[in-house]
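*Asks:* Here it is, the structure, as structure tokens.
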Amino acid sequence: MKIEKIWQAYSDNLKQYLDARLYNKADVDDLLQEILIKTHKQINTLETNEKLLPWLYKITQHTLIDHYRKKAKQSEHPREEDLWYSEQGDQQNQQTELTMSACVLPFVEQLPKSTAYLIKSVDIEGRSQKELAAELSISYSGLKSRVQRGRKALRLLFESCCHLEFDRYGNVIDYEPKTKHCQRHC
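As structure tokens, this is what we get:
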């Protein structure tokens, strides 16, 4: 796969990922550029295109961690929000997040088409719920309810396939497939 196609397909997702984790929003584009360069330099190390998305998120995570570590070294008193990476947990938790992120789309595709469209638009593409409600000519509260029902349905699909373990904030920290069939999704 060519770098241009990869970047066109995934740069918006990576930007949203960074935007949610960066205190200084002005750094998002700088880090995206750095990730693009790393992706270009390392694309030949990717063994299969099936692992592309987790591989991109791994590069993104490492770039983000390096960014905050560099900022912490430059400041004698780093701000608490700049130390998010220290609370991420061990390597297994990071790997769980990467693996689970690769599982999301196959599960979303199992939802009814209208529900899958809402989940993709809001949770994957990061579109505004108000914008989407206007586009679909439904009330904002109606759209919010549909998105919440879609998220519950998605969680049920995950739970039908895997035993999930959550931290105190509701984040998945570990999972174990219930059957071998479930391992093929992820």
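This note's numbering numbers the first residue of the sequence shown as -7 and each following residue consecutively. Yeah, the Cβ is synthetic: ideal placement off N, Cα and C, and Gly gets one too. Please read these numbers as outputs of a predicted model, since none were measured by experiment.
Do you know offhand how far C153's Cα is from P98's?
*Replies:* Locating residue 153 in the sequence shown gives position 161, counting from the first residue. Locating residue 98 in the sequence shown gives position 106, counting from the first residue. Going from the Cα of C153 to the Cα of P98 covers about 12 angstroms.
*Asks:* For Y167, which residues does DSSP report across the bridge?
*Replies:* The residue you call residue 167 lines up with position 175 of the sequence shown. When DSSP reads this structure, Y167 sits in a beta bridge with L156.
*Asks:* Determine the extent of the alpha helix (DSSP H) in which E26 is found, giving its start and end residues.
*Replies:* As a working note, residue 26 is residue 34 in the sequence shown. E26 -> alpha helix (DSSP H) spans 19 to 34.
*Asks:* Output needed for V100: all residues of its chain with C-beta closer than 7 angstroms, excluding positions within five of it in sequence on either side, in chain order.
*Replies:* On the sequence shown, position 108 is the one that residue 100 refers to. Only A108, I111, K112, L146 meet the Cβ criterion.
*Asks:* Report yes or no: do the stretch 37 to 50 and the stretch 15 to 26 share at least 3 C-beta pairs separated by less than 8 angstroms?
*Replies:* no
*Asks:* What is the DSSP secondary structure of G134, reduced to helix, strand or coil?
*Replies:* The residue you call residue 134 lines up with position 142 of the sequence shown. Helix, per DSSP.
*Asks:* Quick one: using the 10 Å Cβ neighbour count with 16 as the cut-off for buried, is H59 buried or exposed?
*Replies:* Taking the sequence shown and counting its residues from 1, the one referred to as residue 59 is at position 67. Classification of H59: buried, given that the 10 Å Cβ count is 16 or more.
*Asks:* Going by DSSP, what residue range makes up the alpha helix (DSSP H) through D115?
*Replies:* One-based indexing of the sequence shown puts residue 115 at position 123. For D115, there is no enclosing alpha helix (DSSP H), as DSSP marks it with neither H nor E.
*Asks:* Pop quiz: L56 and Y2 are said to be a contact at Cβ under 8 angstroms. What is the actual Cβ separation, rounded to whole angstroms?
*Replies:* The residue you call residue 56 lines up with position 64 of the sequence shown. The residue you call residue 2 lines up with position 10 of the sequence shown. About 15 angstroms; that fails the 8 angstroms criterion.
*Asks:* By DSSP, does S129 sit in helix, in strand, or in coil?
*Replies:* The sequence position of residue 129 within the sequence shown is 137, counting from 1. Reduced to three states, the DSSP call for S129 is coil.
*Asks:* Kindly indicate which three-state DSSP category Y15 falls into: helix, strand or coil?
*Replies:* Residue mapping note: residue 15 aligns to position 23 of the sequence shown, counting from 1. Here Y15 sits in coil by DSSP.
*Asks:* For T40, which of helix, strand or coil comes out of DSSP?
*Replies:* Working through the sequence shown from its first residue, we reach residue 40 at position 48. Per DSSP, reduced to three states, the secondary structure at T40 is coil, with no helix or strand assignment.
*Asks:* From L24 to L6, what distance separates their C-alpha atoms?
*Replies:* Position 32 of the sequence shown, counted from the first residue, corresponds to residue 24. Position 14 of the sequence shown, counted from the first residue, corresponds to residue 6. Going by the C-alpha atoms only, they are around 8 angstroms apart.
*Asks:* Can you say whether G142 is buried or exposed, counting buried as having 16 or more other CB atoms within 10 angstroms of its CB?
*Replies:* Position 150 of the sequence shown, counting from 1, holds the residue named residue 142. By the beta-carbon neighbour count (other beta carbons within 10 angstroms, threshold 16), G142 is buried.
*Asks:* Quick one: is Y15 buried, meaning 16 or more other Cβ sit within 10 Å of its Cβ, or exposed?
*Replies:* In the sequence shown, residue 15 corresponds to position 23, counting from 1. So Y15 counts as exposed.
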